Structures are given as C-alpha cells and as structure tokens.
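Beneath this line is the structure, given in structure tokens, with notes to follow.
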Amino acid sequence: MEIQAQLPGRKLTITQQIWLNMCLTGILLTNTVNWKAFERVGLGEYKAKAISWMFRYSKLLWDSLLKVSLSLVLRRLGVMEGALVIDDTDHQRSKRTKRI
Numbered sequence: 002m003e004i005q006a007q008l009p010g011r012k013l014t015i016t017q018q019i020w021l022n023m024c025l026t027g028i029l030l031t032n033t034v035n036w037k038a039f040e041r042v043g044l045g046e047y048k049a050k051a052i053s054w055m056f057r058y059s060k061l062l063w064d065s066l067l068k069v070s071l072s073l074v075l076r077r078l079g080v081m082e083g084a085l086v087i088d089d090t091d092h093q094r095s096k097r098t099k100r101i
C-alpha cells in the first residue's frame, strides 16, 4: 500500500479502509461530499450521523492521506511537475458573504 511506502509504520485500520472506500464511492456516485446523500446511496447501511462522526473524530492523518493520494495519482498519470490549483468558482457563496 502506498501509505506504508511513504509513511512506514502507519496504516489504515480495517474500519478506516471500509469507511474511506464508502466515502470515495459516495463521492463518485453523488458528485458531492454530502453525508445525507451518501446515506441514501448506501441504502441506509450507514447513517449520516455515523459517517460525519467518523470524519470528525477518526484518527486519520488527513494531511498525509492527501499527500500520498496525490502523489500516487500524479505518478500513475506520469506527471512529474506542475502546479496544483483548487478551483471552486462553480459553487455559489452564501448571500451574506461580501468578500472572499
């Protein structure tokens, strides 16, 4: 596993692996990060409250997981250099937001 290669001694528990797989599947099927939508797509197997709890309180190393995931994707695509830019301009902001 890529995590073990870059972070020796660290690995995801079985519960974390199952939860992460469910979240990634939910993102692909719903095209959003929405716990209620994941609950519907999962046919009620996981409740939104439980999914949210795992996200907030699990001991996942989110920063490390992001780095490892990006590294793996970029290497598999053969990308050796470039700039990573996050663009969410397609999302409307709150009506109360005056400036960002």
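Each residue of the sequence shown is one higher than the last, beginning at 2 in the working numbering.
Ideal Cβ positions, reconstructed from N, Cα and C, are used throughout, including at glycine.
All values derive from a computational prediction rather than experimental measurement.
- It is roughly 15 Å from the alpha-carbon of Lys12 to the alpha-carbon of Asn22.
- The continuous alpha helix (DSSP H) containing Asp64 extends over residues 63-78.
- Counting along the chain, Asn22 sits inside the alpha helix (DSSP H) bounded by residues 15-31.
- Note on geometry: alpha-carbon atoms of Asp64 and Gln17 lie some 15 Å from one another.
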